[in-house]
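*Asks:*
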Amino acid sequence: MSAAIATLFGQHAQVYQAISAEAAGFHQRFVELLNAGAGSYASAEAANANPLQGLLNDINAPFEALLGRPLIGNGADGTPGTGANGQNGGLLWGNGGAGGSGGPGQSGGSGGSGGFLFGDGGRGGTGGNAIGAGVAGFGGNGGNAVGLLGNGGVGGTGGASVNGVGGDGGFGGNGGFLLGNGGIGGAGGNGFVAGWGAAGGNGSSLIYGLGGTGGAGGSSLNFVNGLAGVGGDGGSGGALFNFIGTGADGGAGGAAVGAGNIGGQGGQGGGGGGILFGLGGHGGAGGTALTAGGTGGPGGYGGDNGYVFSDGAGSIYAGGSLFGIGGAGGDGGVAQAGGHGGTGGLGGLGGLVFGLGGHGGNGFGAPGLAFGGNGSQGGYGGLLFGIGGGGGNGGTGVVPGVGGQGGFGGYYLFGPNGANGLPG
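The opening residue of the sequence shown carries number 1 in this note's numbering; numbering runs sequentially from there.
(1) Whose C-beta lies closer than 6 Å to the C-beta of F408 among residues of the same chain, with five residues either side of it excluded?
(2) Report the option in F177, T213, F323, G159 whose CA atom is closest to the CA atom of V193.
(3) On the DSSP letters alone, give me the boundaries of the beta strand (DSSP E) that T246 sits inside.
(4) Helix, strand or coil for A285, going by three-state DSSP, please let me know.
(5) Let me check understanding here. Comparing Cα to Cα, which of V257, L206, Q265 lies closest to N242?
(6) Classify A478 as helix, strand or coil using the three-state DSSP reduction.
(7) Starting from the Cα of G81, find the closest Cα among N95, F354, G121, G103 and give me that residue.
(8) Smallest Cα separation from S429: which of N202, F118, G373, G125?
(9) Determine the direct distance from the alpha carbon of G94 to that of F177, and round the result to whole angstroms.
(10) Look up A3 in the DSSP assignment and say whether it is helix, strand or coil.
(11) Please name the residue in N261, T246, A285, G185 whose C-alpha comes closest to that of L276.
(12) Going straight from the alpha carbon of G166 to that of G191, what length do you get?
(13) Output the distance between the C-alpha atoms of G324 and G378, rounded to the nearest integer angstrom.
(14) Is DSSP giving L227 helix, strand or coil here?
(15) With DSSP run on the structure shown, which of helix, strand or coil describes N60?
(16) I want to know whether the region 68-85 touches the region 149-158 - three or more CB-CB distances under 8 Å.
(17) Measuring only the C-alpha atoms, how far is G360 from F354?
(18) Any contact of the region 127-142 with the region 70-77, i.e. 3+ C-beta pairs under 8 Å?
(19) Pick helix, strand or coil for G191, following the three-state DSSP scheme.
(20) Per DSSP, I131 is paired with what?
(21) According to DSSP, is L426 helix, strand or coil?
(22) So G238 is in the beta strand (DSSP E); what residue range does that whole segment cover?
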């Protein structure tokens, strides 16, 4: 009986091994078949792509020979470390190339422009760091979207200089003619004297586009007499043939190190500026004081929608949106124990006929501060009618900050003034 059972199991094992061998062989042949199919597909793809690429090269060749720019295609990036500009995109279609970063102490290259039908502007190159205590390179400007559709390129960051002057950021590029947003402004480089943030680019105002945010100011790295960078101004945008205008926010001020140093001021919000209606951008926040005893930076001004001033003959000029809301002023910068909180920025102006003034920025306050920051005044309402913006609140401190005054309502006719800000 035992021998019969052993024989039965042995036969079963032989059959199983045979089936396993057949399955392994089938799997190997199946894998080979798939690999062969993939190779054939790749060859077919390459065969189909080469004629199209050749056709595109034939189309671009005369344009490149005559104008130095293809009809279709993206522009080449500038070589890093040279500060070379990015090449422009194709005349009809294509994005601009990015600007190359700068060498030591050299500015970054500008981004290339987009195509005339569609194409984004290229990013600006980063500025090179300074040699020793010298001046660092500026960031390259973002490329413009010069065609119908496209976004502006981002501005390059300024180079750093630990014991010298940091480079300013590059300007953001402008958006396309019909549709497109402006590029963000480049940040300033860090330094003993820090670089300033650059303004954001303007967006399209015919159909729709937003302005670019201003770049942040660079940080001051020196404990004695360092200067932090100022934030860049926000760009302007719009919609519907500029009947509606919008402003982008300003960039934040740079941080400061050292008990006697002050954070950088925030950038101003972009102006609304639409023919019918405008909305101003918010001011950037003041820079942070990183060391105990330092002073936070002042907030940036809110964006305006109109303005009024007089010349020597007493004439009054006005411009901007008929109706609008002014941008809020930026809040004052943060300070540490024993320091002084930053002061808020002024609220922006409303419209010419009727408007709402922007709220004044709040002063920074915290327990342990020697001085709380003061709130700022609210923006004026309309030139004729309007409601004034509320004043910013003062910050808490051993000596509390003062609240800002509310803005006037209608400058010439009537309108309620904004509420005064609360003391810290």
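All C-beta atoms in this analysis are idealised placements derived from N, C-alpha and C, irrespective of residue type, glycine included.
*Replies:* Per the coordinate set shown:
(1) Y380, G388, N417
(2) G159
(3) 244-247
(4) coil
(5) Distances from the alpha-carbon of N242 to those of V257, L206, Q265 put L206 closest.
(6) In the structure displayed, the chain extends from 1 to 424; residue 478 sits before or after that span and is not available.
(7) The candidate whose alpha carbon is nearest that of G81 is G103.
(8) This structure gives no information on residue 429, because the portion of the chain shown stretches from 1 to 424.
(9) 15 Å
(10) Annotation note: pLDDT 40 at A3 (below 50); position unreliable, no value reported.
(11) It is T246.
(12) When rounded, the distance between both Cα atoms is 5 Å.
(13) 15 Å
(14) Reduced to three states, the DSSP call for L227 is strand.
(15) Here N60 sits in helix by DSSP.
(16) no
(17) Going by the C-alpha atoms only, they are around 19 Å apart.
(18) no
(19) In the three-state reduction of the DSSP assignment, G191 falls in the strand class.
(20) Assignment of beta-bridge partners to I131 by DSSP yields no partner.
(21) Outside the displayed range of the chain (1 to 424) lies residue 426, so it cannot be described from this structure.
(22) Segment 236-239, the beta strand (DSSP E) holding G238.
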